[in-house]
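Let me begin by presenting the structure, written as structure tokens, before commenting on it.
In our numbering, the protein residues as written are -14 to 527.
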């Protein structure tokens, strides 16, 4: 189906969209908003019931799916396909490593990691799961489990999902010349039907998953901004203030949208990484430094040692619901976010080899995430275990204020709390900006640079949906949105494992690529860089 295109007098496109995907997705979003606002009194009960049902009956699927994707990406990393360059043999990266890492990390974890960096380890410490270690609350084993489980939720599994979707989009978009859209990943099985109703259905699901995944993060972020402003200036906490904050920060994000990818998202991403890095360094230096250095090593060892058990645990024999509120929520959230983060990573990863792409996206952000969790989570645990305590009580009362309750135990609390609030706001802006770009690309039929007006529309829509979710049930509604949209999209991701392999095999055959190691190709030792820079005319090199 051809796009609906409206042009201005100078011939520039003002509107350029796939009418089926755009209008069906908008209609479904409008229905959701209208029904929720019209039934606010019962919305929270409905969201809670839906979340419990989906988590209970599909939790096993989420656990299985994320493990399959992680194993798939690690195996692919070491195959001959790793030598394929995204964009073709002569393609070169558009961004430096620093800019690339800053953008993918800001879009990938941002708000959520700041929100849960202190709160999650504390919650697991005071209320650990019954399995796999049966740790008693507030014990040393509970602390070890708390950090290990936090690593699980924010580590390799999350980034494997993002890397997988990003790789599918980048390969089929840059190497096969297909639209930069989720539907393109199904070309090996659907063929030209990706341009018909099967492709429309796939992109509508991707649009809804992205919108609600981003809205979940925005909802968490605005709660934390409200908590920070309450701590700093005594600003009242509540829905009216949070909705006003969403409006203000969404307006800032809109300015970033208009500025474009390089001037807008990249600069803000690099700025918030600098501020977050300064905050991280401050906590490391003024906090229990030696404890944190030791903790990082031990946490990493605990995570790797218990990885198979933690990764495949499903509460089968305890018949408890702890995992539904945490692990299943996270897996659904990451899957719902994967079109957004994957699309954005693909958009900024042109010119990278598949091996470079997987290694960088899978391991670098994971390592940075573990450092963040250790410095903030272990510092909070030490205060709770042997210090003054009090963080757990605040977390139980209002999870959004956990970070500020922790910073209150350190010097310069007002300054660091202000920095933390700025970090959340900038992450909010980059999430909204990046999310609107991705949704716009999907609803524009995969065009990489759709009109700005459409991105502004989606940035505003994300803010509206985040506000409606807060009105309809707060944190429970946010969790429900992620799990509900994550489940059907998770099924699509498993199918995409097959389509990606088929696509890679055909590409190697079609392009006559020689993917053998350099020495087997007869390339002289230490001249690989020159060979890579000047590929043979028949493109039989890398």
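Every residue gets a Cβ at the ideal spot worked out from N, C-alpha and C, and that includes glycine.
Residue i and residue j closer than 8 Å at C-beta
i, j, result
"residue 466", "residue 197", "yes"
"residue 387", "residue 400", "no"
"residue 468", "residue 271", "no"
"residue 150", "residue 323", "yes"
"residue 237", "residue 404", "no"
"residue 427", "residue 191", "yes"
"residue 205", "residue 96", "yes"
"residue 430", "residue 157", "no"
"residue 45", "residue 299", "yes"
"residue 334", "residue 50", "no"
"residue 85", "residue 350", "no"
"residue 277", "residue 285", "no"
"residue 147", "residue 408", "no"
"residue 104", "residue 384", "yes"
"residue 113", "residue 131", "yes"
"residue 7", "residue 475", "no"
Residue span of the beta strand (DSSP E) that contains residue i, given as start and end
i, result
"residue -1", "-2 to 2"
Cβ neighbour criterion (16 or more within 10 Å) applied to residue i
i, result
"residue 16", "exposed"
"residue 63", "exposed"
"residue 26", "exposed"
"residue 329", "buried"
"residue 347", "buried"
"residue 308", "buried"
"residue -7", "exposed"
"residue 432", "buried"
"residue 483", "exposed"
"residue 337", "buried"
"residue 422", "buried"
"residue 373", "exposed"
"residue 473", "exposed"
"residue 81", "exposed"
"residue 279", "exposed"
"residue 318", "buried"
"residue 415", "buried"
"residue 120", "buried"
"residue 494", "exposed"
"residue 480", "exposed"
"residue 497", "exposed"
"residue 291", "buried"
"residue 262", "exposed"
"residue 227", "buried"
"residue 193", "buried"
"residue 219", "exposed"
"residue 257", "buried"
Residue range of the alpha helix (DSSP H) that includes residue i
i, result
"residue 332", "312 to 332"
"residue 340", "339 to 358"
"residue 563", "It is not possible to answer for residue 563, since the shown part of the chain is limited to -14 through 527."
"residue 384", "Taken as a continuous stretch (DSSP letters only), residue 384 belongs to no alpha helix (DSSP H), as it is neither H nor E."
"residue 141", "141 to 155"
"residue 63", "Here residue 63 belongs to no alpha helix (DSSP H), and DSSP marks it neither H nor E."
"residue 368", "364 to 371"
Simplified DSSP assignment, three categories, for residue i
i, result
"residue -12", "coil"
"residue 123", "coil"
"residue 440", "helix"
"residue 168", "helix"
"residue 70", "strand"
"residue 290", "helix"
"residue 406", "helix"
"residue 432", "coil"
"residue 221", "coil"
"residue 173", "helix"
"residue 116", "coil"
"residue 512", "Only weak support exists for where residue 512 lies, its pLDDT of 49 falling under 50; the coordinates are left without a value."
"residue 81", "coil"
"residue 76", "coil"
Sequence-distant residues of its chain with Cβ nearer than 6 Å to residue i (five each side left out)
i, result
"residue 425", "435, 439, 440 and 443"
"residue 138", "315"
"residue 69", "339"
"residue 306", "none"
"residue 21", "28, 453 and 457"
"residue 448", "231 and 235"
"residue -4", "none"
Spatial neighbours of residue i in its chain, beta-carbon cut-off 8 Å, leaving aside the 5 residues before and after
i, result
"residue 224", "455 and 456"
"residue 117", "291, 294, 295 and 298"
Contacting residues, own chain, Cβ-Cβ under 7 Å from residue i (five flanking each side not counted)
i, result
"residue 464", "36 and 314"
"residue 187", "167, 168, 171 and 477"
"residue 108", "380"
Residue-level contact to chain C via CB, residue i, 8 Å cutoff
i, result
"residue 445", "The structure shown contains no chain C, having only a single protein chain."
Residue i CB to nearest heavy atom of the ligand MG below 7 Å
i, result
"residue 131", "What this structure holds is no ligand at all, so the ligand MG is not there to describe."
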